[in-house]
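Visitor:
2 protein chains.
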Amino acid sequence: MRYRFHVFVCENTRPPDAPRGSCGAKGSAQVRQALKDELLRRGLHDGVRANSAGCLDACAHGPVLVVYPEGVWYGRVRPEDVPEIVASHLERGVPVERLRIKGM
Amino acid sequence: MRYRFHVFVCENTRPPDAPRGSCGAKGSAQVRQALKDELLRRGLHDGVRANSAGCLDACAHGPVLVVYPEGVWYGRVRPEDVPEIVASHLERGVPVERLRIKGM
Numbered sequence: 021m022r023y024r025f026h027v028f029v030c031e032n033t034r035p036p037d038a039p040r041g042s043c044g045a046k047g048s049a050q051v052r053q054a055l056k057d058e059l060l061r062r063g064l065h066d067g068v069r070a071n072s073a074g075c076l077d078a079c080a081h082g083p084v085l086v087v088y089p090e091g092v093w094y095g096r097v098r099p100e101d102v103p104e105i106v107a108s109h110l111e112r113g114v115p116v117e118r119l120r121i122k123g124m
Numbered sequence: 021m022r023y024r025f026h027v028f029v030c031e032n033t034r035p036p037d038a039p040r041g042s043c044g045a046k047g048s049a050q051v052r053q054a055l056k057d058e059l060l061r062r063g064l065h066d067g068v069r070a071n072s073a074g075c076l077d078a079c080a081h082g083p084v085l086v087v088y089p090e091g092v093w094y095g096r097v098r099p100e101d102v103p104e105i106v107a108s109h110l111e112r113g114v115p116v117e118r119l120r121i122k123g124m
């Protein structure tokens, strides 16, 4: 496996008044930047990639990200949630249950 | 697992003369469209998602895509390679060895 964890952050952006909403309009670019910063700060950036992605089709839960290879989905992620995701899931392998999208 | 296979096609685009090259400049949008068309044609579109992604950091091998949860990387993918990837890997679970990026 090339990366221990490959994280995809939805950066699809629709206009602010679009009925479906979008992760981009809810601040997903800031979430990805926080993720990149935290990975670098903890020296995890070689084994974990914080990738941008187009629409992950979970718009109601945005900002959304998915962690592979496990396929763990997180929703309504704010930049201030990122240190916990990195420290727990991406460093110790323990998903952050409170942020997981139910049923995914 | 939400998707049986979650495919990420790099659609990062740099100018045609950029030294690193880019998947977008090598036709990755057409690859993703061919993938979406073929999944629909074979009725696999509910279980397999053909996602766009930002730079997957394998620029020299573009157009590149990665299939999760296995983490199988394909390079130099042309639209005409897509039916084989779908029929073999995404329908029967057998990766297409000739298209895999060596060492990834």
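Sequences listed follow chains A and B, in order. Counting from 21, one number per residue, gives the positions in the first sequence under the numbering used here. Counting from 21, one number per residue, gives the positions in the second sequence under the numbering used here. Note that CB positions come from ideal geometry on N, CA and C, so glycine has one too.
1) Distance check for Q53 (chain B) and V84 (chain B), CA to CA, integer angstroms please.
2) Would you mind telling me which residues of chain A sit closer than 9 Å to A73 (chain B), beta carbon to beta carbon, in chain order?
3) Give the interface partners of R98 (chain A) over in chain B, defined as CB-CB distance under 8 Å, in chain order.
4) Take N32 (chain B) and list the residues in its own chain whose beta-carbon comes closer than 7 Å to its own, dropping the five residues that flank it on each side.
5) Is L119 (chain B) helix, strand or coil by DSSP?
6) Whole angstroms are fine: how far does the CA of P35 (chain B) sit from the CA of P89 (chain B)?
7) Take R69 (chain A) as the anchor and find which of A:Y23, A:V116, A:E117 has the nearest alpha-carbon.
8) Using a Cβ-Cβ cutoff of less than 7 Å, which residues in the same chain neighbour S48 (chain A) once the five nearest sequence positions on both sides are dropped?
9) Closer than 8 Å between beta carbons: that is the criterion. Which residues of the region 21 to 51 of chain B meet it against chain A?
Guide: On the basis of the coordinates in this document:
1) The alpha-carbon atoms of V84 (chain B) and Q53 (chain B) are separated by roughly 14 Å.
2) F28, N71, S72, A73, G74, listed in chain order.
3) By Cβ distance, chain B contributes nothing, its closest Cβ being about 21 Å from R98 (chain A), past 8 Å.
4) Contacts found: S42, C43, G44, G74, C75.
5) Of the three classes helix, strand and coil, the one that applies to L119 (chain B) here is helix, per DSSP.
6) Spanning the two alpha carbons is a distance of roughly 32 Å.
7) The candidate whose alpha carbon is nearest that of R69 (chain A) is A:Y23.
8) For S48 (chain A), same chain residues with a beta-carbon under 7 Å away, outside a window of 5 residues either side, are V29, C30, E31, G82, P83 in chain order.
9) Answer set for the region 21 to 51 of chain B: M21, R22, Y23, H26, F28, E31.
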